[in-house]
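Asks: Each residue of the sequence shown is one higher than the last, beginning at 2 in the numbering used here. Note that beta-carbon positions come from the ideal geometry of N, C-alpha and C, so glycine has one too.
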Amino acid sequence: MRIAKATDILQKSSGLIPQIVTAGQQLTDCILNDGKILVLGNGSTAFIGQIFTTHLMYRFERDRPGLPAISLNADATMISPHNDESSSEKYSRQIKALGKTGDCLLVLSTAGTDASFMQTVNAAHEQELRIIALTGGDGGEISTLLNYGDIEIRVDSDYPPTVREHQLMLIHCLNDLIDLQIFG
2 MRIAKATDIL QKSSGLIPQI VTAGQQLTDC ILNDGKILVL GNGSTAFIGQ
52 IFTTHLMYRF ERDRPGLPAI SLNADATMIS PHNDESSSEK YSRQIKALGK
102 TGDCLLVLST AGTDASFMQT VNAAHEQELR IIALTGGDGG EISTLLNYGD
152 IEIRVDSDYP PTVREHQLML IHCLNDLIDL QIFG
């Protein structure tokens with residue numbers, strides 16, 4: 002039953018091609034203009050984000066120079082709550098310290114309701130970062146926070162494993178587009 006639903010969603014995903022291409026171009030422009038890509042996920046989507054940053058830093062399908070990308074949740078000491086720190090600030094503080102105009106924030110979320118993500122999206126806008134959000138279901142609160150110029154690529158499913166499967170496919174598409182546009 003779930004396989005049939007996942008297959009149906011994959012067929013519907015062809016409607017996402019314009020957003021995927023635009024997101025790939027935006028990420029490429031960010032890198033070519035000396036920006037970096039900051040990546041945020043939570044739980045399983047954190048691992049998908051880390052795969053994306055690893056492909057940029059090391060390689061996707063070919064040997065090439067590393068490209069600037071940082072996974073905001075890769076450092077356990079950074080994201081564990083500190084004595085006087087609100088856990089909702091664990092990512093927004095990193096955006097405020099590391100983000101600069103011209104950088105991009107790639108957010109991966111299945112539901113789009115994590116309070117720390119909302120705070121991070123707001124911090125990214127304050128720092129004038131472009132946002133690309135890979136979401137599922139109705140996009141959650143993340144969708145409502147996106148500005149003109151931000152991009153949402155939403156998987157049409159409320160089932161988190163299906164959303165994550167498609168997000169993995171999407172980051173591979175984005176890695177490929179970046180490589181093709183920069184290295185031919």
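(1) Which value, in whole angstroms, describes the spacing of the CA atoms of Pro162 and Leu147?
(2) When you measure from the CB of Ala134 to every non-hydrogen atom of the ligand PLP, does any distance come out below 8 Å?
(3) If I'm right that Pro172 touches Ile49 with Cβ under 8 Å, what's the distance once you round it to whole angstroms?
(4) Is the number of C-beta pairs between the segment 96-105 and the segment 20-37 that are closer than 8 Å three or more?
(5) On a Cα-Cα basis, can you pick out the residue from Val122, Ala116, Gly113 that is closest to Ile96?
(6) Let me check understanding here. Comparing Cα to Cα, which of Gly185, Phe61, Gln128, Thr111 lies closest to Ile154?
(7) Closer than 7 Å by C-beta to Leu17: which residues in its own chain qualify, once you throw out the five before and the five after it? Chain order, please.
(8) Can you tell me whether Ala124 is buried or exposed? The criterion is at least 16 other CB atoms within 10 Å of its CB, across all chains shown.
(9) Determine whether the beta carbon atoms of Leu73 and Met58 lie at a separation below 9 Å.
(10) Between which residues of its own chain and Leu135 is the CB-CB distance below 6 Å, once the five residues before and five after are set aside?
(11) Tell me the residue span of the beta strand (DSSP E) that contains Ala70.
(12) How many Å lie between Gln26 and Ser93 at the Cα?
(13) What does a CB cutoff of less than 6 Å around Met119 pick up in its chain, not counting 5 residues either side in sequence?
Replies: On the basis of the coordinates in this document:
(1) The alpha-carbon atoms of Pro162 and Leu147 are separated by roughly 24 Å.
(2) The ligand PLP is absent from the structure shown, which contains no ligand whatsoever.
(3) The sequence given here has Ile at residue 172, not Pro. Yes, Ile172 and Ile49 are in contact; Cβ-Cβ is about 6 Å, under 8 Å.
(4) Because the criterion of three Cβ pairs below 8 Å is met, the segment 96-105 and the segment 20-37 touch.
(5) The shortest C-alpha separation from Ile96 is found at Val122.
(6) It is Thr111.
(7) Taken in chain order, the residues that qualify are Ile154.
(8) Looking at its Cβ environment, which holds 16 or more other Cβ atoms inside 10 Å, Ala124 is buried.
(9) No, they are not a contact pair.
(10) The beta carbon of Leu135 is closer than 6 Å to those of Leu109, Ile154, Gln168, Leu171 in its chain, skipping five residues each way along the sequence.
(11) If you look at Ala70, you'll find it in the beta strand (DSSP E) that goes 70-72.
(12) So the alpha carbons of these two residues sit roughly 25 Å apart.
(13) Excluding positions up to five away in sequence, the list reads Glu142.
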